[in-house]
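Asker: Those letters in the sequence shown? Residues 1 to 102, by the UniProt record's numbering.
Think of the CB as a built atom: it goes at the ideal place given N, C-alpha and C, for glycine as much as any other residue.
All values reported here derive from a predicted model rather than from experimental measurement.
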Amino acid sequence: MVREVYLADVALGSGRAKIIVAVASAEDVRLALESECDIVEVRADLAPTEWEKLLQAVRGRRPILATVRSESEGGKCPDALYEETVTRLLAQSPEAIDVQVD
């Protein structure tokens, strides 16, 4: 039995596959919002100085999946800043946060 999980008004687990577009710049956000994507993934590790602005640009227009990958996970966030960055992401209240658990 499949159970639906919602990110804002997007039901995961039922209907068609959902499209998630990753963004790391204002241009990426523009293109994502012009597309028919269901969810926008804001990559905080790829936009370390502007991810908060990207979240604000998407907020209310699409559900947000916020993601941060440390360097040891193949991303760009220095390992020493990973915990602080995740804490800052949580304070922004995206619909979901994607983190790695080792």
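Among D79, I97 and Q56, which has the Cα closest to the Cα of R30?
Answerer: If we check each option's Cα against that of R30, Q56 comes out closest.
Asker: Would you mind reading off the limits of the beta strand (DSSP E) that contains residue 105?
Answerer: Within the shown structure, residues of the chain are numbered from 1 to 102, placing residue 105 beyond reach of any answer.
Asker: Over the uninterrupted alpha helix (DSSP H) stretch that includes T85, give me the two end residues.
Answerer: Y82 to A91 is the extent of the alpha helix (DSSP H) around T85.
Asker: Within 8 Å, do at least three Cβ pairs link the region 6-16 to the region 68-88?
Answerer: Touching, no, given that fewer than three Cβ pairs across the two stretches are closer than 8 Å.
Asker: Nearest-angstrom Cα distance between K18 and P78?
Answerer: Their backbone Cα atoms lie some 30 Å apart in a straight line.
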